[in-house]
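Report on one structure; see the data block that follows.
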Amino acid sequence: MKPNTEDRGVVLICNDEGMVSRVVRDDLGLAGRVPAGSPVEALVDPAAREKFAGFWAELQASEAVFDWEITVLIDGKFQPLHFAGARLEVGHLVMAAGSRNGLTQLNEELMRINNEQTNAARAMAKELALALGRGAAVDDSIYEELSRLNNDMANLQREMAKKNAELQKLNEQKNRFLGMAAHDLRNPLGVILVYSEFLEAEASEVLNEEQREFVTTIKETSKFMLRMVTDLLDVAAIEAGQLQLDLQPVDLAQFVLRNVTLNRVLAARKDIAVELEPVSSLPPISLDAGKIEQVLNNLISNAVKFSHPGTTVRVRLTLADGVATVAVQDQGQGIPAADLPKLFKPFSQTSVRSTAGEQSTGLGLAIVRRMVEGHGGRIWVESEQGKGSTFFFTLPVSPA
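Letter by letter, the sequence shown follows residues 22 to 421 in our numbering.
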């Protein structure tokens, strides 16, 4: 029987150098990408190779690794899989499934198969010993060796399942707490922001300079906190698997043009131009307009945030091989190579500082990554210090 979508997975045995020795199970059609003798990292998206290297390093340094989320190309779409691994005498066991629950189900299935295979091997060894007329001592030694190997693997698998269940429970508790706290904070922060904006606009004439500075500080601080609370709600929903997409046919070229026009107004306050390179019309494609607008706003506002006045942010939209690619290029400071792995991770901060003291929650890129991947696309960055950065994301173009 075919496994449920979230339970589908792939199981590999690799040697110490990270080369695949054997494909144990493959429900996702990935075996052709990692035949025996090939590097296991060929399984993942090239943009996620550095993250996989971290997973592999932790696996080599410890007995087991649990729940690393790494992007893999499946059926032409980039999808995040949950990875786990364990060190065995036969090599390194690497498992990946569509969800944490899928990892648990995959692990339980491997335990069942392992026990069945061991029992079958025991029976075969006994028959062989009888057929050859060997004594019980030889037979017993075979049983003992098989039992020892089986118990070692079973213990590791049980420990992996236990740790995975504990992590899943803790993660669910964390998501509930974040959701509750963020929801309860959003309304009072919204009230503070509205009243501070009112005071700044309507009462500035009766306030002295120091009081006006206080009101401006209250407004900017409450705006930042409200943005953080909104981001926390998004993260909690995504982590709980509740990212809902309202897919509707959209003219992507007009959609990007409208978003660039709106962002020009905000960028102009910093004397930064936002330009859209001419694009040809595209067929309407299915996407969640609100989510993709959030992606564009984040990438363009980040480009403005880390650029100096008098520079230009350029937005490009191209179409090739049934995939639309949006690029946001700035002339800013660039990102050091050591900081690139931190991007797209929750609460990550790089050493690059905004040029006008703008604040960041450290959640924006992690959120937009999941939104893009939810549409079946991918997101990545190319950057060079002193020359700026270009963020790319793709969307599959299919009939709306």
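Every residue, glycine too, gets a C-beta built ideally from N, C-alpha and C.
CB of residue i within 7 Å of CB of residue j, strictly
i       : j       : result
Val-93  : Leu-33  : no
Arg-29  : Asp-47  : no
Asn-36  : Gly-112 : yes
Gln-350 : Thr-411 : yes
Ala-345 : Arg-337 : no
Trp-401 : Ala-63  : no
Lys-408 : Gly-331 : no
Met-181 : Ala-288 : no
Lys-326 : Glu-394 : no
Val-61  : Val-41  : yes
Phe-76  : Phe-99  : no
Gly-383 : Ser-404 : no
Thr-371 : Lys-363 : yes
Ile-306 : Leu-273 : yes
Ile-91  : Val-65  : yes
Leu-308 : Val-271 : yes
Pro-417 : Gly-385 : no
Leu-214 : Val-250 : no
Ile-293 : Ser-328 : yes
Asp-88  : Leu-247 : no
Glu-221 : Val-236 : yes
CB-CB length for residue i against residue j, believed under 8 Å
i       : j       : result
Arg-399 : Phe-414 : 7 Å
Asn-284 : Val-300 : That belief does not hold up - the Cβ atoms of Asn-284 and Val-300 are roughly 16 Å apart, past 8 Å.
Asn-318 : Asn-280 : 7 Å
Ala-310 : Phe-276 : 7 Å
Pro-357 : Gln-406 : 6 Å
Val-334 : Val-389 : 16 Å between Cβ atoms; not a contact.
Leu-266 : Ala-258 : Not a contact, Cβ separation roughly 12 Å.
N- and C-terminal bounds of the alpha helix (DSSP H) containing residue i
i       : result
Gln-81  : 70-82
Ala-358 : Neither: Ala-358 is in no alpha helix (DSSP H) and is coded neither H nor E.
Leu-386 : 385-395
Leu-303 : Counting along the chain, Leu-303 falls outside any alpha helix (DSSP H), and DSSP gives it neither H nor E.
Leu-297 : Where Leu-297 is concerned, there is no enclosing alpha helix (DSSP H), although the beta strand (DSSP E) it sits in stretches over 294-297.
Thr-282 : 273-289
CB contact check: residue i to chain C, cutoff 7 Å
i       : result
Gly-353 : Absent from the structure: chain C. Only one protein chain is present.
Bounding residues of the beta strand (DSSP E) (the contiguous stretch that carries residue i)
i       : result
Arg-337 : 333-341
Gln-350 : 344-350
Phe-327 : Phe-327 -> no beta strand (DSSP E), and no H or E assigned at all.
Thr-415 : 409-417
Gln-265 : Premise fails: Gln-265 is in no beta strand (DSSP E) and is neither H nor E.
Gly-30  : 30-35
Glu-403 : 400-405
Arg-54  : Element bounds for Arg-54: n/a, residue is neither H nor E.
Val-45  : 41-47
Leu-308 : 306-308
Assigned exposure category for residue i - 16 Cβ within 10 Å defines buried
i       : result
Leu-191 : exposed
Phe-219 : exposed
Ala-57  : exposed
Asn-229 : exposed
Gln-126 : buried
Ala-118 : buried
Ala-497 : The chain is shown from 22 up to 421; residue 497 falls before or after that span and cannot be answered.
Lys-240 : buried
Ser-243 : buried
Val-256 : buried
Gly-53  : exposed
Ser-302 : exposed
Gly-50  : exposed
Glu-121 : The displayed chain sequence assigns Arg, not Glu, to residue 121. Arg-121 comes out buried.
Lys-183 : exposed
Gly-97  : exposed
Arg-155 : In this prediction, Arg-155 has a pLDDT of 49, which is less than 50 and means its spatial position is unreliable; nothing more can be read from the coordinates.
Ser-381 : buried
Val-212 : exposed
Leu-268 : exposed
Gly-123 : buried
Ser-83  : exposed
Taking only runs that begin and end inside the stretch 212-261, name each unbroken alpha helix (DSSP H) of 4 or more residues, in chain order.
-> 230-260
In chain order, each beta strand (DSSP E) run of at least 3 residues that lies wholly inside the stretch 84-126 = 85-95, 98-109 and 112-118
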